[in-house]
Amino acid sequence: MRALRFLLQKEFRQMFRDKGFTGRLFIAPAIQLILLPMAANYTIKNINIAIVDHDHSVTSQKLSQKILSSGYFKLADYTDFDSRANKLIESDKADLVLEIPNKFERNLITDNTQKTGIEVNAINGVKASIGFGYLSGIISDFNNDLRATWVQPERTNPLPTISVEPSFWYNPLLTYYIFMVPAILVSLVTGVAGLSAAFNIVKEKEIGTIEQINVTPIKKYEFILGKLIPFLAVGGVVFTVGLLISWILYGILPLGNIAVLYLFLYVFLFAILGFGLLISTYSETQQQANSIMFLFMMVFNMMSGLYTPFDSMPGWAQFVSHLFPISYFIDVMRMVVIKGSGLHDIRIHILCVFLIGLVLNTWAVLNYRKTS
Amino acid sequence: MDAITVNNVTKTYNKKTVLAVDNISFSVGKGEIFGLIGPDGAGKSTIFRMLTTLLLPDSGTATVGGLDIVKDFKAIRGIVGYMPGRFSLYQDLTVEENLTFFATVFNTSIEENYDLIKDIYVQIEPFKDRRAGKLSGGMKQKLALCCALIHKPEVLFLDEPTTGVDVVSRKEFWDMLKRLKAQGITILVSTSYMDEATLCDRIGLILNGKMLSIASPEDTINAYPEKLYAVKANSIYHLLLDLRAYEGTINCYTFGEYLHISITSNEAEVRKYLEDKGHENIEIKAITPTVEDCFIRLLKHQDERNSNKDK
Chain A
1 MRALRFLLQK
11 EFRQMFRDKG
21 FTGRLFIAPA
31 IQLILLPMAA
41 NYTIKNINIA
51 IVDHDHSVTS
61 QKLSQKILSS
71 GYFKLADYTD
81 FDSRANKLIE
91 SDKADLVLEI
101 PNKFERNLIT
111 DNTQKTGIEV
121 NAINGVKASI
131 GFGYLSGIIS
141 DFNNDLRATW
151 VQPERTNPLP
161 TISVEPSFWY
171 NPLLTYYIFM
181 VPAILVSLVT
191 GVAGLSAAFN
201 IVKEKEIGTI
211 EQINVTPIKK
221 YEFILGKLIP
231 FLAVGGVVFT
241 VGLLISWILY
251 GILPLGNIAV
261 LYLFLYVFLF
271 AILGFGLLIS
281 TYSETQQQAN
291 SIMFLFMMVF
301 NMMSGLYTPF
311 DSMPGWAQFV
321 SHLFPISYFI
331 DVMRMVVIKG
341 SGLHDIRIHI
351 LCVFLIGLVL
361 NTWAVLNYRK
371 TS
Chain B
1001 MDAITVNNVT
1011 KTYNKKTVLA
1021 VDNISFSVGK
1031 GEIFGLIGPD
1041 GAGKSTIFRM
1051 LTTLLLPDSG
1061 TATVGGLDIV
1071 KDFKAIRGIV
1081 GYMPGRFSLY
1091 QDLTVEENLT
1101 FFATVFNTSI
1111 EENYDLIKDI
1121 YVQIEPFKDR
1131 RAGKLSGGMK
1141 QKLALCCALI
1151 HKPEVLFLDE
1161 PTTGVDVVSR
1171 KEFWDMLKRL
1181 KAQGITILVS
1191 TSYMDEATLC
1201 DRIGLILNGK
1211 MLSIASPEDT
1221 INAYPEKLYA
1231 VKANSIYHLL
1241 LDLRAYEGTI
1251 NCYTFGEYLH
1261 ISITSNEAEV
1271 RKYLEDKGHE
1281 NIEIKAITPT
1291 VEDCFIRLLK
1301 HQDERNSNKD
1311 K
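As you go down the protein sequences, you meet chains A and B in turn. In terms of my numbering, the first sequence opens at residue 1 and continues consecutively. In terms of my numbering, the second sequence opens at residue 1001 and continues consecutively.
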């Protein structure tokens, strides 16, 4: 145990001597927490729309007005040539083209029905489908307005209609960053703590210092603990910095108990550091470790429910992502921060992550022994 | 009792496809400097890594300080100092921090064994606040030696300690080894510089994982069976071709500005043969073989034996 103290002393000394270290610890999380939530914003604005108006009537102009005043759309062009609008889509200047046909107003009044065409540029699928959704909403709203003004209301409603009044629990305004920021914080902790731990051990291999350590009476477990403990500390610091930033910048204060969050953080760090250790036993150089980590971080970020809802994945993919500790942590963060869940609500999460951590660490330690 | 004994040790890599160390046996007495001499890839580092308990032998047994390298590996780690061929200290720690770190993991301090490293440490002490990565090559070697010595090991393993070090530093380094030997430390050192071989008490010539001979440098040289001559003439290339074609030649190779040749006939006959061939300014002198000559001779034997085996 005495040796462990000197190992820790050495680790921390090296850590603070590394010039980029404090930057990675404080500045990187700050920048990511400021930038990423903006990128992960699903409220899409500035959709470029081209309106092809063959009608030039009062109604068609009212419709255009209504669309543009919604705030989601930017007028790319207002024309009466189809070909011009199509060119805008081809050159990526327009995301949507709304086509108002000739005699739009007259047909509406005489035939009580009219069709409009919407062409969507689906290169950016998210923007296209969300933009289309907005536009259809506005048009159907416009339709209701028209009916209200033109159709005499009947004494009794001839068709029963169901009106839905949504109420969003826990996040009433569906503010995107309230649920994105805590999840991005998880991805950050994984990156800073898990990755650095793997690189740190591989670095000793690469430089050859591990040889020198191996011929000393330092025991394997002392060496491993000496590597893991500093990163438990680093993980805690990054997490705290992240919580502070999300409080200062976004006003997010966890509804639930902060102690529960930290408890889960350390169970999570146990698992993710085990993963880092495992990667380090399989790689000889930092480059190798880096490419393995890059692959896994991609998969973690895409499959853990960070950007896309977990439940929309096919069954096998859900099973796979249940093997990633990061999926549990993102879930727990959202539960505790937004919903105020307590220890009892996340007990299954804790158990799962602990088991995963146990498997990873055991695997890593066994493999570490074998290779030396 | 011998400080190191190695009995029929064999080690293979890559699932037994690469034979690194082939049935090697030797022993090193207490307080002896034993040199493993051989070219790169001869298996020297593998022997070091097995004796320092970093690798397990496939077969055979070995002891260090009377302790078995497989069973008592933990105890061995407390009594040996190891300096790997590659500089492997913490480059981002200072000279002093490196030394303190290795002292503390061995449960000792710089002060406790200062007299052992004093001669070496005074040379790097002016740079004690410099990071190890910023030291010159010779300084790095000195620091590495200090770190390997700081816990007063019984046996010191130095794997190619002077590779890439200038001539003056190399000489200083060997002077230090002599002083350590005087303090009773057993030293196993490997090198590919043949001139360093004469500085050892005994040397083992090693090639392709096989030990070719073990003897003191003098005995190794005395064991050279043929007469050896250094030959020089105006056209050294034609001289080499002609001498190799000469029927009395056993072995002929370039050695600096001379050709070294071992022959069955005598000097006068060679001179006559060369004069007949039209060589000018012929210079022939009898010389004492060096360790390198012995090594080249053994190398040639090995080749011949192998090619006979192939036939």
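C-beta atoms are modelled at their ideal positions from N, C-alpha and C, and glycine is treated no differently.
- In terms of CA proximity to A/H349, A/P325 leads the group A/V365, A/W363, A/P325.
- Shown in chain order are the members of the stretch 205 to 233 of chain A whose Cβ falls below 7 angstroms from a Cβ of chain B: I207, G208, T209, E211, Q212, N214, V215, T216, P217, I218.
- DSSP lists B/L1156 as the bridge partner or partners of B/G1081.
- Legend: CB atoms of the stretch 1095 to 1119 of chain B lying less than 9 angstroms from CB atoms of chain A belong to residues E1097, T1100, F1101, F1102, T1104, V1105, F1106, N1107.
- Rounded to whole angstroms, the Cβ separation of B/A1062 and B/T1005 is 6 angstroms, and the two are in contact under 8 angstroms.
- For A/F21, the closest C-alpha among the options A/K205, A/S129, A/R369, A/V192 is that of A/V192.
- Taken through DSSP and simplified to helix, strand or coil, A/D82 comes out as helix.
- The stretch 231 to 250 of chain A makes no contact with the stretch 311 to 329 of chain A, as fewer than three CB pairs between them are under 8 angstroms.
- Taking all protein chains shown into account, A/M1 has fewer than 16 neighbouring C-beta atoms within 10 Å of its C-beta and is therefore exposed.
- Secondary structure of A/N367 (DSSP, three-state): helix.
- Against A/F6, the close residues of chain B are F1101, T1104, V1105, in the order they occur along the chain (beta-carbon pairs closer than 7 angstroms).
- Across the structure, B/I1263 and B/I1150 are spaced so that their CA atoms are roughly 51 angstroms apart.
- Interface with chain A (8 angstroms Cβ-Cβ cutoff): B/V1018 is excluded.
- Note: B/S1262 is bridge-paired with B/L1228, B/N1251 in the DSSP secondary-structure output.
- Check the Cα spacing between B/A1215 and each of B/K1011, B/G1035, B/Y1246: the tightest is with B/G1035.
- Under the three-pair Cβ rule at 8 angstroms, the stretch 1234 to 1247 of chain B counts as touching the stretch 1276 to 1287 of chain B.
- For A/S341, the three-state secondary structure derived from DSSP is coil.
- Per the Cβ contact rule, the stretch 332 to 340 of chain A is in contact with the stretch 252 to 268 of chain A (3 or more Cβ pairs under 8 angstroms).
- Per DSSP, B/S1213 lies in no alpha helix (DSSP H) segment; the continuous beta strand (DSSP E) that holds it begins and ends at 1210 to 1215.
- Taking a beta-carbon distance threshold of 8 angstroms, A/Q14 counts as an interface residue toward chain B.
- Residue A/L96 holds the alpha-carbon nearest to the alpha-carbon of A/K74 among A/I123, A/K10, A/L96.
- Spatial neighbours of B/P1039 in its own chain (CB-CB distance under 8 angstroms, excluding positions within 5 residues in sequence) are listed in chain order as S1192, L1207.
- At a cut-off of 8 angstroms between beta carbons, B/V1080 contacts chain A.
- In this structure, the beta-carbon distance from B/F1087 to B/K1140 falls below 8 angstroms.
- A/F264 places its beta carbon less than 8 angstroms from that of A/V332.
- Listed along chain A are I207, G208, T209, E211, Q212, each with a C-beta nearer than 7 angstroms to that of B/S1088.
- With its beta carbon at least 8 angstroms from every one in chain A, B/D1022 lies outside the interface.
- Rounded to whole angstroms, the gap between the alpha carbons of B/R1131 and A/I207 is 15 angstroms.
- With fewer than 16 other CB atoms across the displayed protein chains lying within 10 angstroms of its CB, B/A1245 is exposed.
- A/A3 belongs to the set of residues whose beta carbon lies under 8 angstroms from a beta carbon in chain B.
- In the displayed model, A/I252 falls within coil according to three-state DSSP, outside both helix and strand.
- Using a CB distance below 9 angstroms, the part of the stretch 1129 to 1143 of chain B facing chain A consists of R1131, ordered along the chain.
- When the beta-carbon positions are compared, A/V299 and A/S246 stay at least 8 angstroms from each other.
- Judged by their CB atoms, A/K93 and A/N124 are not nearer to each other than the 8 angstroms cut-off.
- Runs of the alpha helix (DSSP H) lying entirely within the stretch 50 to 104 of chain A and spanning at least 4 residues, in chain order: 58 to 69, 82 to 90.
- Three or more Cβ pairs drawn from the stretch 357 to 368 of chain A and the stretch 266 to 280 of chain A lie within less than 8 angstroms of each other, which places the two stretches in contact.
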